[in-house]
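Under my numbering, the first residue of the sequence shown is numbered 155, with each subsequent residue one higher. Please read the structure below before turning to the comments.
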Amino acid sequence: MPKRTVVSYVFLAVSLCSFTALCVLQRAPMADLLVYRAEGAAVSHGGDLYGLTVTEWRLPATYPPFAAILFVPAARVPVPVLKAAFLAGNALLLAVLVALSARLAGHRPSPARLRTATALALWLEPVFQTVLFGQVNLAIACLVLWDLTRPPGARARGLAVGLATGIKLTPAVFAVHLLLRGHRREAATAAAGFAGTVALGLLVLPAASADFWTRRLFETGRVGKAWIVDNQSLRGLVDRALHGAAPDPAWLLPALAVGAAGLWLAARAREERHGVLMAAGTALLVSPISWTHHWVWCVPLLAVLLAEGRVRLAVLTAALFTARTMWLLPHEGDLDLRLPWWQQPLAAPYPLLALALLAGAAVPGRPSGRPPDPQPAPSARSSSASMIR
């Protein structure tokens, strides 16, 4: 076996074992995983899905009914076994995301490099938090990225985007992106897939579905306080800058402007990979709540930067997503609202980076004009709960 192969296996094993040991030593509660398990139990036993709260932090169910249906098997598994399964499953999903990110970037690295990249990516703050809390962000990103890196016109392309939207709503931005890129059939497939998840929820959980779609969907406060440093959306940035919960126009108007500009830039991007990344950044910016662990899209961003030879920018981006500056600031209680001006950038590194990248794409002279025909994404064969407070 080549030395490089052995080293990559050892490096990956050390990274995974170190992470597992850290979880054991800190007795990681995987609070979001416990919410998913409770949702599955509520579906199985006819409980009040959106009335439940779990753990000492009283975390509620916040996803659509379709997601709760998917969590039913989790309710039948003992908690220690479930935690181990989610830890292993998320590690595997990270490896898949790294491979899909390479495919998006049009690059085909060796298996040894993929293993090394997976070992390193585990310690990026969004990925680390996703695994630590038993979140589903990696699964959502894999569904969307797998779908969008298939060639235009591929059978049922868009369906996975629709299913991902049925689980967590924010992937709906990618359906809009498909439409604006001229992939009308794929956008319609995504819409049909999402409609199917809603229909299934109505069929299995009619009362919970009515409750969610007419009431709970609009209660963003159920998810958590928008002004805490955990929230790396445009709204979180504005709330902290104004030292209090900003009135809706103060963040909603900028969010609408950024959303429109981001989707326009994504639609006109010459490279499909740039369009996908801009759509992802736009979704994270305009969502009222984008916890730090939602930013797992840093993995494909880094893959694209490296594939394009922008090594210095890739290193700086990796450092930003590893530094955890928001956690180094005073943030207990309401200290998030008392940060001085010079700490504000440290409290919002992810949205500031996304805004900078969108601004860079909008600079005149950059290749942002849309090509006459959409460029197919390279195939593998043809291409080289919130945070606990």
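Cβ coordinates follow ideal geometry from the N, Cα and C atoms, glycine included.
Query: Assigned secondary structure, W211 (DSSP; H/G/I helix, E/B strand, else coil); Result: coil
Query: CA nearest to the CA of P263, picked from A310, F225, V458; Result: V458
Query: Segment contact, 8 Å Cβ cut-off, at least three pairs: the stretch 271 to 279 with the stretch 163 to 174; Result: yes
Query: Candidates R309, A433, G288, L179: closest to L333 by CA position; Result: A433
Query: Sub-8 Å separation of L179 and N244 beta-carbons; Result: no
Query: Sequence-distant residues of its chain with Cβ nearer than 6 Å to L187 (five each side left out); Result: F240, G288
Query: Alpha-carbon spacing of P505 relative to G416, whole angstroms; Result: 13 Å
Query: Sufficient close CB pairs (3 or more, under 8 Å) joining the stretch 320 to 338 to the stretch 484 to 497; Result: no
Query: For W300, three-class secondary structure by DSSP; Result: helix
Query: CA-to-CA distance, W495 to F220, given in whole angstroms; Result: 42 Å
Query: As assigned by DSSP and simplified to three states, the class of W445; Result: strand
Query: Pair within 8 Å by beta-carbon distance, L470 and W451; Result: no
Query: The stretch 474 to 481 contacting the stretch 497 to 504, beta-carbon criterion three pairs below 8 Å; Result: yes
Query: Proximity to L213 [Cα-Cα], best of V453, V226, P499, R191; Result: R191
Query: Reference A414, options A256, Y204, G435, closest by Cα; Result: G435
Query: Cutoff 8 Å; reference H337; Cβ partners in own chain excluding five residues on either side; Result: P306, R311, G312, P528
Query: Expected contact under 8 Å - CB spacing of L491 and W381 to nearest Å; Result: 6 Å
Query: Nearest-angstrom Cα separation, counted from P442 out to T303; Result: 27 Å
Query: Alpha helix (DSSP H) runs contained entirely in the stretch 210 to 260, provided each spans 4 or more residues; Result: 219 to 224, 233 to 258
Query: Bounding residues of the alpha helix (DSSP H) (the contiguous stretch that carries L268); Result: 265 to 275
Query: Residues sharing a beta bridge with N385, DSSP; Result: W445
Query: With 16 other Cβ atoms within 10 Å as the buried cut-off, status of D488; Result: exposed
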